[in-house]
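J.: Under the numbering used here, the first residue of the sequence shown is numbered 17, with each subsequent residue one higher.
Glycine residues also receive a C-beta, built at the ideal position from the N, C-alpha and C atoms.
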Amino acid sequence: MDEIFGERASVAIAMRIEAALAAAQASMGIIPKEAAAAIRAKADPAYAPEAVIRRHAAKVGHPLVALLGAWSEQLGEEAAPYLHYGATTPDIRLTMQIMQMRMAVERLGARMRAVEEELARLCRDHRATPMMGRTVGRHALPITFGLKAATWMLENRRNLDRLDGWLERTSAGVLAGAVGTYAALGDQGFEVERRTMAELGLGAPEPADWKGTRDKHAEWGSLLAITAKSMARMAQEIFLLQGDDFAELDEGNEEVGSSTMPHKSNPRKATAVIGLARQVCHESEVLLDWMVSIYERDQISNDSSLASIAHNMDRLLAAAHGLLAGLKVYPENMARNLGRTGGLIMAERVMFALGEHVGKHAAHTLVREAALEARSSGMPFAQALRGHPGIAPHLDCDRIAQLLDHRTYLGMAPQAVGRALDHIEARRAGERAAQGPRT
């Protein structure tokens, strides 16, 4: 993210905006074309050395004004007077922020699509791999690991859609003057703004000035916070499922986990994702605070918050990708954990089968009695069912054994995984088609 939010990268973007403004004004006869050409020719950080910017900053105390001063020294008397002509620095700064946030979303979107590829691989490889489904921290019903991965994959895609929606809604900067009246450029102000945004490859400007609002920034931060928490949910499940008590997953981490316990190997990748998600969410609250600005605008917000969120989100997604790419799955341990309750997880299936004879509500009561007996006595659930006087007359030993086979009670989990994969592939195909053929 340094190439987007770094100090010299920010200088380059600001210079690009100023050059676009000059080009737009020259095309309308507001400034000489020669001046605009000179400004564009030297719209490069090389023409605004850091040392010179610092010298100007020591005098003016304003980073963008310092940049303009340093750059003007390189432009000469014929072009320098037309640099930043009729503009205000908050317009340049906000347009720069929009461009940086858009570039960050595009970069993060690419990382999210790489995460999606890894999740799709896990879905394909483990579409029908049985594992324990858990609700409220307890064993519930069998699912497949592919189904679990599909929920992560689809949530990731929804976050991609939200960020793509932000890109569509936030497609332009602003050049409306000090208080949004376009006064410095008169009745040409609207057209100067439109042409400048077009020069930058951005969309149509908003109908009116928005410098006093920060909903665009707050939405950006909030959407990244949602994405961060989605990744944290996935990482937390992986963290828990690779614990020694479950051993269903493993990061494949061979790093030293403790200075005193030689056997320890800690889930560093999962904890990195979880920790970075907390930071992103904390920082996004700052952007929400920006929304309460004073009058037409204030200077309470600062660029460092945007950079920090983008940097941490980039690190988070890189860690999430690494976590998934190296993830080891242990189907044999998943199968072992499915049997930990001695068949109790199949109580729902037994209830519906018994309900065909005694009704669903009566079956619920009878099966629950057998389940409580199995739990309290430690006997296998099959034995409790066979010994229950309200169940045995309706379900014989073979039928009970059949009903307790978890391998045949996955419902439509494999088909749901297939449907999820088809959905993601259709979306990716649409994206490829929209991009057009590569040249």
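Are the stretch 204 to 212 and the stretch 89 to 97 touching by the rule of at least three beta carbon pairs closer than 8 Å?
T.: The stretch 204 to 212 is not in contact with the stretch 89 to 97.
J.: On the DSSP bridge assignment, give the partners of Arg154 in chain order.
T.: DSSP lists Thr151 as partners of Arg154.
J.: Determine the closest residue to Met69 out of Tyr101, Ala103, Arg24, Met395, with distance taken between C-alpha atoms.
T.: In the sequence on display, residue 69 carries Ile and not Met. Nearest C-alpha to Ile69: Arg24.
J.: Can you tell which of Asp412, Asp260, Asp319, Ala369 has its C-alpha closest to the C-alpha of Met350?
T.: Checked all of Asp412, Asp260, Asp319, Ala369; the closest Cα to Met350 is Asp260.
J.: Under 8 Å by Cβ, that's how I've got Ala369 and Leu411 pegged, so tell me the actual separation to the nearest angstrom.
T.: Contact flag correct, Cβ pair sits at about 7 Å.
J.: How big is the Cα-Cα spacing for Leu83 and Leu339?
T.: Spanning the two alpha carbons is a distance of roughly 42 Å.
J.: Any heavy atom of the ligand MN closer than 7 Å to the beta-carbon of Ala450?
T.: Summarising the ligand content, the structure contains no ligands, and the ligand MN is consequently not present.
J.: Note down, in chain order, each residue of its chain lying with its Cβ closer than 7 Å to the Cβ of Ala226, except the 5 sequence neighbours on either side.
T.: Just to set this straight, residue 226 is Trp in the shown sequence, not Ala. Excluding residues within five positions, the ones whose Cβ falls inside 7 Å are Val190.
J.: Name, in chain order, the residues that DSSP records as bridge partners for Ile159.
T.: Answer by DSSP bridge pairing, in chain order: Met147.
J.: When you compare the CB of Leu256 with every CB in chain C, is at least one pair closer than 8 Å?
T.: Absent here is chain C; the protein component of the structure consists of one chain.
J.: When DSSP builds the beta bridges, which residues end up paired with Asp330?
T.: BP columns for Asp330 are empty, so no partner.
J.: Does the beta-carbon of Pro146 have 16 or more other beta-carbons within 10 angstroms, so that it is buried, or is it exposed?
T.: Buried, because 16 or more other Cβ atoms sit within 10 Å of the Cβ of Pro146.
J.: Let me make sure I understand the geometry here. Which of Ala386, Ala165, Ala57 has the alpha-carbon closest to that of Met143?
T.: A small correction: the amino acid at residue 143 is Arg; Met does not occupy that position in the sequence shown. Among Ala386, Ala165, Ala57, the Cα nearest to that of Arg143 is on Ala165.
J.: Could you compute how far the alpha carbon of Arg444 sits from the alpha carbon of Met362?
T.: Taking the straight line from one Cα to the other gives about 38 Å.
J.: If we call anything under 8 Å between Cβ atoms a contact, is Ala188 one with Pro223?
T.: Against a cut-off of 8 Å, the Cβ pair of Pro223 and Ala188 comes out as no contact.
J.: State yes or no: is the C-beta of Ala400 within less than 8 Å of the C-beta of Ile416?
T.: Contact flag unset, no.
J.: Closest to Ile159 by C-alpha separation, out of Ile440, Gly427, Gly22, would be which residue?
T.: Checking every option, the nearest Cα to that of Ile159 belongs to Gly427.
J.: Between Pro396 and Ala390, how many whole angstroms is the CB-CB distance? I'm expecting something under 8 Å.
T.: About 7 Å separates the two Cβ atoms, so the contact holds.
J.: From Leu265 to Lys344, what distance separates their C-alpha atoms?
T.: Computed Cα separation, rounded: 6 Å.
J.: Whole-angstrom Cβ separation of Ile47 and Ala38, contact assumed at under 8 Å?
T.: Indeed, because the Cβ distance is near 6 Å, the residues count as touching under 8 Å.
J.: Taking all protein chains shown into account, do 16 or more other C-beta atoms lie within 10 angstroms of the C-beta of Gln116, making it buried, or fewer, making it exposed?
T.: Buried.
J.: First and last residue of the alpha helix (DSSP H) that includes Asp18?
T.: Segment 18 to 21, the alpha helix (DSSP H) holding Asp18.
J.: In its own chain, which residues sit with a C-beta less than 6 Å from the C-beta of Ala52, not counting the 5 before and 5 after it?
T.: Within the same chain, Ala52 has close Cβ partners Ala38, Ala39, Ala42.
J.: So, helix, strand or coil for Leu83, using DSSP?
T.: Three-state DSSP puts Leu83 in a helix.
J.: Please say whether Ala28 and Pro61 have beta carbons closer to each other than 8 Å?
T.: Yes, Cβ-Cβ distance for Pro61 and Ala28 is below 8 Å.
J.: Given this structure, state the Cα-to-Cα distance separating Gly205 from Tyr198, to the nearest angstrom.
T.: Each residue's Cα considered, the two are about 5 Å apart.
J.: Could you round the C-beta distance between Asp330 and Arg173 to whole angstroms and report it? I think they count as a contact, below 8 Å.
T.: Not confirmed; about 19 Å, so no contact.
J.: Taking all protein chains shown into account, do 16 or more other C-beta atoms lie within 10 angstroms of the C-beta of Ser26, making it buried, or fewer, making it exposed?
T.: By the neighbour-count rule (16 or more Cβ atoms within 10 Å), Ser26 is buried.
J.: Roughly how far, in whole angstroms, is the beta-carbon of Asn328 from the beta-carbon of Thr243, given that I think they are within contact range, below 8 Å?
T.: In fact, because the Cβ distance is near 12 Å, the residues do not count as touching under 8 Å.
J.: Looking only at its chain, what residues have a beta carbon closer than 6 Å to the beta carbon of Ser324, apart from the 5 residues adjacent to it on each side?
T.: Same-chain partners within the cutoff: Glu299.
J.: Quick one: Cα of Arg249 to Cα of Ile290, how far?
T.: Whole-angstrom Cα-Cα distance: 8 Å.
J.: Would you mind stating whether Lys232 and Ala293 have Cβ atoms separated by less than 8 Å?
T.: No; because the gap between Cβ atoms is not below 8 Å, this pair is not in contact.
J.: Who are the near neighbours of Gln258 in its chain, counting only those whose CB is closer than 8 Å to its CB and skipping five residues on each side?
T.: Taken in chain order, the residues that qualify are Glu264, Leu265, Asp266, Glu267, Pro283, Ala286.
J.: Per DSSP, Asp266 is paired with what?
T.: Answer by DSSP bridge pairing, in chain order: Lys344.
J.: Apply the 10 Å Cβ neighbour rule to Arg185 and answer buried if 16 or more other Cβ atoms are within range, or exposed otherwise.
T.: Burial call: exposed.
J.: Is Ala449 buried or exposed, if buried means 16 or more other CB atoms sit within 10 Å of its CB?
T.: Answer is exposed; the Cβ neighbour count stays below 16.
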